[in-house]
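Step one of this worksheet: look at the structure below.
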Amino acid sequence: MGFSRSSIRAFATGGFTAFSRSLDGFVGLVRFMGMSDLAGLIGLVIVIAMGLTAATISLWPLPNPNSMDYPMNQPPSLNHLFGTDRYGRDVLSRVLWGARVSLSVGLAAAFSAALLGTILGVVAGVYGGRVDAAISRVIEVFLMMPTFFLALLIAAVTRPNIHNLIFVVAITSWPTVARVVRGQVLSLKEMQYVEASRALGASDRFVMIKHILPQVVPLTLSYTILLVSNAMLLEAGLSYLGLGDPNYPSWGRMIYEGQQLIFSAWWVSVFPGAFLTLTVLGWNLLGDSLSRYLNPRRRTL
Amino acid sequence: MRRYVTDRVVSSFFVLISVLSINFIIINLAPGNPATIMGAETGLISQDYIQYLTQKWGLDKPVYERLAVYLWNVFHGDLGISYRYAEPVSQLIFERIPLTLAITVPSIVIGFLVGTLLATLACRKPGGGLDVGLTTLAMGSYSAPIFWVAILLINAFSVRLKLLPPTGLVSPQLIGSNGFDYYLDMAKHAILPIVTLTLGTFPPYYRLTKSVILEQLSEDYVVTLKAMGLPRFRVLYKHVLRNALLPGITLFGIQMGFAFAGAALVENVFAWPGIGRLMLDAIMARDYNLLMGIFLFVTLAVVVANIVVDLVYGYLDPRIRRG
Chain V
250 MGFSRSSIRA
260 FATGGFTAFS
270 RSLDGFVGLV
280 RFMGMSDLAG
290 LIGLVIVIAM
300 GLTAATISLW
310 PLPNPNSMDY
320 PMNQPPSLNH
330 LFGTDRYGRD
340 VLSRVLWGAR
350 VSLSVGLAAA
360 FSAALLGTIL
370 GVVAGVYGGR
380 VDAAISRVIE
390 VFLMMPTFFL
400 ALLIAAVTRP
410 NIHNLIFVVA
420 ITSWPTVARV
430 VRGQVLSLKE
440 MQYVEASRAL
450 GASDRFVMIK
460 HILPQVVPLT
470 LSYTILLVSN
480 AMLLEAGLSY
490 LGLGDPNYPS
500 WGRMIYEGQQ
510 LIFSAWWVSV
520 FPGAFLTLTV
530 LGWNLLGDSL
540 SRYLNPRRRT
550 L
Chain H
581 MRRYVTDRVV
591 SSFFVLISVL
601 SINFIIINLA
611 PGNPATIMGA
621 ETGLISQDYI
631 QYLTQKWGLD
641 KPVYERLAVY
651 LWNVFHGDLG
661 ISYRYAEPVS
671 QLIFERIPLT
681 LAITVPSIVI
691 GFLVGTLLAT
701 LACRKPGGGL
711 DVGLTTLAMG
721 SYSAPIFWVA
731 ILLINAFSVR
741 LKLLPPTGLV
751 SPQLIGSNGF
761 DYYLDMAKHA
771 ILPIVTLTLG
781 TFPPYYRLTK
791 SVILEQLSED
801 YVVTLKAMGL
811 PRFRVLYKHV
821 LRNALLPGIT
831 LFGIQMGFAF
841 AGAALVENVF
851 AWPGIGRLML
861 DAIMARDYNL
871 LMGIFLFVTL
881 AVVVANIVVD
891 LVYGYLDPRI
901 RRG
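Quick mapping for you: the protein sequence lines, in order, are chains V and H. For the first sequence, position 133 (counting from the first letter as 1) is numbered 382 according to the numbering used here, and the numbering increases by one without interruption. For the second sequence, position 42 (counting from the first letter as 1) is numbered 622 according to the numbering used here, and the numbering increases by one without interruption.
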């Protein structure tokens with residue numbers, strides 16, 4: 250099944266249609282949240298606030314997160330709202346800079362995983378037969394594998410840097426998406442409009458791009474958002490164990506450093522953890538809200 | 581039914597072989613082998629000795645050959661020798677595994693009970709204050725990194741309230757003794773790790789049970805019971821809860837994997853000498869055989885848990901068996 254240039258273009262068009270539909274969906278989603286889903290709205294606000302912080306952090310009037318210019322282990326005060334750590338670094342600045350690493354790893358990993366999962370899921374579902382059997386086997390193996398241990402293993406054998414971190418998180422999170430997408434495609438395939446399209450002579454590829462993909466993308470989106478929070482927790486766990494990128498202030502690493510000071514300086518570990526929890530919570534609330542919105546039967550829950 | 585079981589066992593077997601092979605390849609992509617690492621660490625081992633170790637452990641053979649030998653040995657129950665501890669891997673794992681099971685299994689069971697109970701409480705008045713409060717608690721607890729929760733709990737219960745010991749397996753003064761005090765002390769040390777893990781295991785049960793109960797509440801039989809004048813709590817506890825317990829069982833397999841992953845982190849915070857800590861040590865020391873052994877064990881545990889869950893579920897819910 251070689252992909253010609255025209256099919257790539259058609260694939261992109263299909264993706265774009267799906268995207269613009271998702272954009273319409275986004276407006277509808279915000280309206281839905283405003284009317285009946287407070288939790289989702291809170292999630293959206295958290296996610297946007299954290300995203301803006303991470304994007305603009307270099308413009309904020311904060312001390313350099315890595316400069317060790319201040320007295321060590323100072324409790325929170327007006328000068329240092331979150332105190333200082335054992336190297337005399339400003340914890341507030343480090344925590345806010347930490348949002349950048351956490352979010353970029355989370356987003357990049359979740360979207361790569363979603364892309365890989367969607368492609369494999371759609372291909373397996375549409376082509377069926379041996380292709381499906383092969384892909385399903387791979388999915389099954391990855392689902393059974395203890396992902397955290399796999400991530401640990403890969404992170405340990407590769408050099409700890411941010412790209413490897415994204416790779417590790419992505420390679421361990423795609424199978425859930427692939428499984429869900431495959432299931433969705435299989436049920437879409439039985440739909441009458443697909444059958445009608447086939448009766449009119451549509452090819453596998455046409456059906457896949459024109460009918461299946463636009464239906465699947467919104468579903469994938471809600472899973473991707475839930476993946477972001479998973480990815481952020483996984484990144485934090487790896488950094489906590491010293492397998493993260495040592496060049497950037499990361500929440501997981503900060504919590505590790507704070508753990509050493511547990512008897513003397515609680516603020517070093519409490520604040521980064523609280524920000525991580527809040528951000529993950531935001532993405533979880535948003536993802537749940539999105540899946541309620543996309544699946545009206547679940548709205549009562 | 582028998583055919584189903586056979587299928588599952590065969591596919592699990594395939595999964596295990598794949599997992600082992602993938603691990604083996606990943607590990608062997610890494611630069612440096614145990615012999616060179618040991619040499620670099622101590623700085624004492626001579627080049628000749630590194631050569632000798634490399635040959636003795638068969639590290640100079642090609643990857644596929646080592647993989648074949650390894651798989652052959654595993655099927656004969658031989659997981660190899662740990663390079664670091666110079667002990668059989670299976671022995672190391674079986675020494676540590678009871679300690680990990682001692683914190684993971686209770687946390688799964690307690691998480692199931694607590695999650696189900698809270699979900700039932702929340703469903704007494706859906707959308708009410710209690711429901712909102714409990715759902716917030718569950719979501720927050722689900723979103724928090726487990727190692728951070730562990731640190732918070734140590735801070736609260738050990739540093740401030742001084743109620744429970746912070747870390748370790750037993751208090752130093754009791755090491756070597758073997759009586760009732762020893763086990764009591766160990767149990768005290770296990771409380772915080774179990775609570776930490778439970779805070780991670782209960783939210784999925786809470787969410788699932790709650791959605792099932794809410795679904796059941798609009799079923800015909802509930803409407804009938806209510807119309808017959810049965811009090812609401814009787815309907816909820818006596819009839820709905822019984823049906824809502826079932827789907828929770830399906831989560832046991834997933835929770836098993838989650839609890840092991842959580843244990844790797846939690847054991848690190850609490851200095852609890854279980855399999856998670858063993859794995860971290862093995863990673864740092866590039867102890868290939870030990871790493872593979874632990875991975876195999878964890879995967880096996882998850883796979884077996886899933887098969888058992890399917891069988892139990894099929895037994896309890898005849899609709900699945902026929903379907």
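Glycine included, C-beta positions come from ideal geometry on N, C-alpha and C.
T302 (chain V) sits close to L345 (chain V), with the two beta carbons spaced by under 8 Å. Annotated three-state conformation of P784 (chain H) is helix, per DSSP.
Taking a cut-off of 8 Å for Cβ pairs, the stretch 495-512 of chain V and the stretch 334-343 of chain V touch, as three or more such pairs fall below it. D897 (chain H) sits in coil when the DSSP states are folded into three classes, being neither helix nor strand.
Looking at the backbone, the Cα of A514 (chain V) and that of R335 (chain V) are separated by about 9 Å.
Residues of chain V with a Cβ closer than 7 Å to the Cβ of L860 (chain H) are, in chain order, L490.
The beta carbon of I661 (chain H) does not come within 8 Å of any beta carbon belonging to chain V, so the residue lies off that interface. Of the residues H:N603, H:I731, H:P668 and H:Q635, the one whose Cα lies closest to the Cα of A851 (chain H) is H:I731. Across the structure, Y763 (chain H) and T781 (chain H) are spaced so that their CA atoms are roughly 25 Å apart. In this structure, G536 (chain V) sits near I474 (chain V), with a CB-CB distance shorter than 8 Å. Contact annotation: A843 (chain H) and G854 (chain H) have beta-carbon atoms nearer than 8 Å. For D800 (chain H), the enclosing alpha helix (DSSP H) has its first and last residue at D800 to A807.
For the pair N322 (chain V) and T333 (chain V), the Cα-to-Cα distance works out to about 5 Å. Closest by C-alpha distance to V519 (chain V), out of H:F727, H:D658, H:I661 and H:Y650, is H:F727. Residue V:S422 holds the alpha-carbon nearest to the alpha-carbon of L476 (chain V) among V:S422, V:G289 and V:N315. Runs of beta strand (DSSP E) with 3 or more residues, each lying fully within the stretch 286-368 of chain V, are absent. For a cut-off of 8 Å, the C-beta gap from Y785 (chain H) to G828 (chain H) is around 5 Å, short enough to register as a contact. Under the DSSP assignment, M440 (chain V) falls outside any alpha helix (DSSP H); it carries neither an H nor an E label. For W852 (chain H), no Cβ of chain V is located within less than 8 Å of the residue's own Cβ.
In chain order, G292, L475 and S478 place their CB closer than 8 Å to the CB of N533 (chain V), counting only its own chain and leaving out the 5 sequence neighbours on each side. At least 8 Å separates the CB of W652 (chain H) from every CB of chain V. Within the same chain, Cβ atoms closer than 8 Å to the Cβ of V434 (chain V) are found at G370, V371, A373, G374, V375, I461 and V465, the five residues on either side in sequence being excluded.
For the 8 Å CB-CB criterion, L543 (chain V) and L468 (chain V) form a contact. Here DSSP, grouped into helix, strand and coil, assigns P745 (chain H) to coil. The beta carbon of I771 (chain H) is closer than 7 Å to those of L744 in its chain, skipping five residues each way along the sequence. For the stretch 516-550 of chain V, the beta-carbon criterion of a distance under 9 Å to any beta-carbon of chain H is satisfied by S518, V519, P521, G522, A523, L525, T526, L527, T528, V529, L530, G531, W532, N533, L534, D537, R547, T549 and L550. Under the three-state reduction of DSSP, I661 (chain H) is assigned to strand. For the set H:S592, H:V849 and H:L596, the Cα lying nearest the Cα of F875 (chain H) is the one of H:L596. Between the alpha carbons of S540 (chain V) and S471 (chain V) lies a gap of roughly 6 Å.
DSSP places F737 (chain H) in no alpha helix (DSSP H); its state is neither H nor E. In terms of beta-carbon proximity, F727 (chain H) lines the interface with chain V, with at least one pair separated by less than 8 Å.
The DSSP assignment places no complete run of the beta strand (DSSP E) inside the stretch 471-507 of chain V (cut-off: 3 residues). In terms of Cβ geometry, T407 (chain V) and G720 (chain H) do not form a close pair [threshold 8 Å]. Comparing alpha carbon positions, the residue from H:Y584, H:A648, H:S738 and H:M836 closest to I602 (chain H) is H:A648.
Distance between V882 (chain H) and A404 (chain V), taken at the CA atoms: about 22 Å.
Per DSSP, the continuous alpha helix (DSSP H) segment holding P678 (chain H) begins and ends at V669 to A702.
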